[in-house]
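Q:
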Amino acid sequence: MNRIFSGVQPTGNLHLGNYLGAIKNWVSLQKDFECIFCIVDLHAITIKQDPKELESNTLEVTAAYLASGIDSKKTIIFNQSSVSSHSELTWLLSCFTPLGWLNRMTQFKEKAGKKKDNAVLGLYSYPVLMASDILAYKATHVPVGEDQKQHLELSRDIAGAFNKAYNVEFFPLPEPQIFGQATRVMSLRNGLNKMSKSDESDYSRINITDTKDLINLKIQKAKTDPHPLPSKKDELTNRPEAANLLGIYSALNNKKLEDVIAEMAGKDFSSFKKILGDLVISKIEPISKKMNDYLKNKDYLKKILKEGSEKANKISNENLLEIKKIIGLLII
Ligand code: TRP
Numbered sequence: 567m568n569r570i571f572s573g574v575q576p577t578g579n580l581h582l583g584n585y586l587g588a589i590k591n592w593v594s595l596q597k598d599f600e601c602i603f604c605i606v607d608l609h610a611i612t613i614k615q616d617p618k619e620l621e622s623n624t625l626e627v628t629a630a631y632l633a634s635g636i637d638s639k640k641t642i643i644f645n646q647s648s649v650s651s652h653s654e655l656t657w658l659l660s661c662f663t664p665l666g667w668l669n670r671m672t673q674f675k676e677k678a679g680k681k682k683d684n685a686v687l688g689l690y691s692y693p694v695l696m697a698s699d700i701l702a703y704k705a706t707h708v709p710v711g712e713d714q715k716q717h718l719e720l721s722r723d724i725a726g727a728f729n730k731a732y733n734v735e736f737f738p739l740p741e742p743q744i745f746g747q748a749t750r751v752m753s754l755r756n757g758l759n760k761m762s763k764s765d766e767s768d769y770s771r772i773n774i775t776d777t778k779d780l781i782n783l784k785i786q787k788a789k790t791d792p793h794p795l796p797s798k799k800d801e802l803t804n805r806p807e808a809a810n811l812l813g814i815y816s817a818l819n820n821k822k823l824e825d826v827i828a829e830m831a832g833k834d835f836s837s838f839k840k841i842l843g844d845l846v847i848s849k850i851e852p853i854s855k856k857m858n859d860y861l862k863n864k865d866y867l868k869k870i871l872k873e874g875s876e877k878a879n880k881i882s883n884e885n886l887l888e889i890k891k892i893i894g895l896l897i898i
């Protein structure tokens with residue numbers, strides 16, 4: 567049986583990168599797979615969060631999931647902290663995770679910066695929590711962006727180490743699902759950096775909640791190069807901004823990049839940007855409208871999370887019990 571697990575952190579504005587890189591792909595996966603989509607609030611607190619904002623961001627991501635077309639009847643949606651087996655399994659799995667494996671994690675090195683001794687333990691064991699998210703459900707497939715591939719590989723290694731330690735085939739080794747076009751949406755100000763909520767310039771990203779005018783303005787101001795749009799894919803090699811804008815167009819329109827290149831070949835950026843702006847608005851505006859409607863009814867959003875967490879608790883607690891038995895922890 568295939569089961570999909572993925573998660574997004576509730577840390578501030580969702581942007582086009584989160585939508586195209588994650589949520590939009592998840593919507594189509596629901597048709598064919600059993601899916602579990604989590605709002606990973608425990609991962610969020612590995613860096614400082616304002617309590618009020620954390621709570622409202624959690625509801626905002628829930629609203630974004632629903633507004634984008636995640637169907638809570640078919641798919642489990644919940645916030646991580648409401649299912650305690652994630653934390654409990656983190657301890658158990660940390661006993662199968664050599665420090666050497668964690669020391670290789672590039673995200674920790676980046677986030678801890680130069681003052682490693684001041685970095686908190688949670689930031690270091692972040693990937694073990696991520697492995698627990700996935701393995702608590704024995705998920706087989708995990709849609710992730712490029713930046714999370716290393717963590718997913720670690721999850722596979724931890725699953726393998728556990729299986730080997732007890733000579734069992736309990737955990738399936740979770741497979742990454744990396745999506746095609748525009749899984750990596752880049753900054754509008756620099757085509758070499760990922761679009762990110764932590765970028766200082768708001769003009770680097772399109773937030774799902776941006777108004778029409780702001781979306782148009784941001785696209786108009788997006789960095790480009792002096793050449794017209796190319797007619798072949800390999801001409802994009804050293805043109806990261808052109809590649810990014812064409813990638814966004816193709817992902818939003820569900821068209822192949824090759825077809826988009828053929829369609830836009832020879833156009834100058836100013837006319838392409840008008841077309842792109844209209845497209846972004848036509849796809850994002852309905853989502854942000856729905857999101858705002860959902861956000862007016864917080865009790866409804868909480869009810870969805872509660873129902874999701876009940877289902878998630880049931881599956882993960884059963885697995886946790888099996889894991890404890892395998893380890894030899896006395897069940898009373
Ligand atoms: N670490 C992931 C990110 O920052 C989010 C995440 C947490 C996740 N747990 C997960 C993604 C489990 C996939 C599966 O993007």
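Quick note on numbering: our numbering labels position 98 of the sequence shown as 664, and the sequence is numbered without any gaps. By construction, the Cβ of each residue, glycine as well, lies at the ideal position given by its N, Cα and C atoms.
DSSP three-state label for Asn885, please.
A: Asn885 sits in a helix when the DSSP states are folded into three classes.
Q: Is it buried or exposed for Trp657, if we count other Cβ within 10 angstroms and need 16 for buried?
A: exposed
Q: Please tell me whether Gly583 and Lys787 are closer than 8 Å, where the distance is taken between their beta carbons.
A: no
Q: Just mark Asp776 as buried or exposed, buried being the case when its beta carbon has 16 or more other beta carbons within 10 Å.
A: buried
Q: Relative to the alpha-carbon of Lys839, which residue among Leu783, Gly688, Ile724 and Ile611 has its alpha-carbon at the smallest distance?
A: Cα-wise, what sits closest to Lys839 is Leu783.
Q: Should Gly874 go down as buried or exposed, given a rule of 16 or more other Cβ atoms within 10 Å for buried?
A: buried
Q: Can you tell which of Ile781, Asp791 and Tyr860 has its C-alpha closest to the C-alpha of Ile841?
A: Checking every option, the nearest Cα to that of Ile841 belongs to Ile781.
Q: Could you name the residues of the same chain whose beta carbon sits closer than 6 Å to that of Gly832, not counting the 5 residues immediately before and after it, in chain order?
A: Pro794
Q: Can you tell which of Ala705, Asp800 and Asn810 has the C-alpha that lies nearest to the C-alpha of Arg771?
A: With distances taken between Cα atoms, Arg771 lies closest to Asn810.
Q: Ends of the beta strand (DSSP E) at Asn645?
A: Ile642 to Asn645
Q: Between the C-alpha atoms of Asn623 and Val606, what's the straight-line distance to the nearest angstrom?
A: 11 Å
Q: Could you pull out every residue in the same chain whose Cβ sits closer than 6 Å to the Cβ of Gly688, ignoring the five residues on either side in sequence?
A: Only residues of its own chain outside the window of five on either side were considered, and among them Thr612 have a CB closer than 6 Å to the CB of Gly688, listed in chain order.
Q: Roughly how many angstroms lie between the CA atoms of Glu581 and Lys891, to the nearest whole one?
A: Residue identity differs from the one stated: residue 581 is His in this sequence, not Glu. When only Cα atoms are considered, His581 and Lys891 end up about 43 Å apart.
Q: Starting from the N-terminal side, write out each stretch of the alpha helix (DSSP H) that is 4 residues or longer and does not extend beyond the segment 791-835.
A: Here the runs fully enclosed are 806-819 and 823-830.
Q: Can you tell me whether Arg569 is helix, strand or coil according to DSSP?
A: Strand.
Q: Quick one: measure Cβ to Cβ for Ala633 and Tyr860, integer angstroms, because I've assumed they're closer than 8 Å.
A: 6 Å
Q: Check each candidate in Ser647, Ser572, Glu654 and Asn579 and name the one with the smallest Cα separation from Asn883.
A: Glu654
Q: Compare the Cα-Cα distances from Ala697 to each of Tyr732, Trp592, Arg750 and Lys715 and report the closest residue.
A: Measuring from the Cα of Ala697, the nearest candidate turns out to be Lys715.
Q: So, under 8 Å CB-CB, Asn885 and Ala702 are touching, yes? Tell me the CB distance rounded to an integer number of Å.
A: 6 Å
Q: Just grab the DSSP bridge partners of Val574 for me.
A: Ile605
Q: Determine the DSSP secondary structure at Pro617, reduced to helix, strand or coil.
A: helix
Q: Please state whether the Cβ-Cβ distance between Val627 and Ser660 is less than 8 Å.
A: Contact annotation: Val627 and Ser660 have beta-carbon atoms that are not nearer than 8 Å.
Q: Can you tell me the Cα-Cα spacing of Val846 and Ser816, whole angstroms?
A: 11 Å
Q: Who are the Cβ neighbours of Ser767 in its own chain at under 7 Å, not counting the five residues just before and after it?
A: Arg755
Q: Can you give me the C-alpha to C-alpha distance between Leu818 and Glu876, rounded to a whole angstrom?
A: 34 Å
Q: What would DSSP say about Gln743, mapped onto helix, strand or coil?
A: strand
Q: Could you compute how far the alpha carbon of Thr577 sits from the alpha carbon of Leu620?
A: When rounded, the distance between both Cα atoms is 7 Å.
Q: What residue range does the beta strand (DSSP E) around Pro693 cover?
A: Unbroken run through Pro693 is the alpha helix (DSSP H), Leu687 to Leu701; no beta strand (DSSP E).
Q: Can you have a look at Met830 and say buried or exposed, based on whether 16 or more other CB atoms are within 10 angstroms of its CB?
A: buried
Q: Counting only the same chain and skipping the five closest in sequence on each side, list residues whose C-beta sits under 7 Å from that of Ile700.
A: Phe571, Val708, Ser721 and Pro740
Q: Using only CA atoms, which one of Leu665, His652, Ser762 and His609 lies nearest to Gln575?
A: His609
Q: Do the CB positions of Asp834 and Ala808 come within less than 8 Å of each other?
A: no
Q: Do you know whose CA, among Ser764, Val734 and Lys868, lies nearest Ile893's CA?
A: Val734
Q: Indicate whether Leu758 and Pro806 have their beta-carbon atoms separated by less than 8 Å.
A: yes
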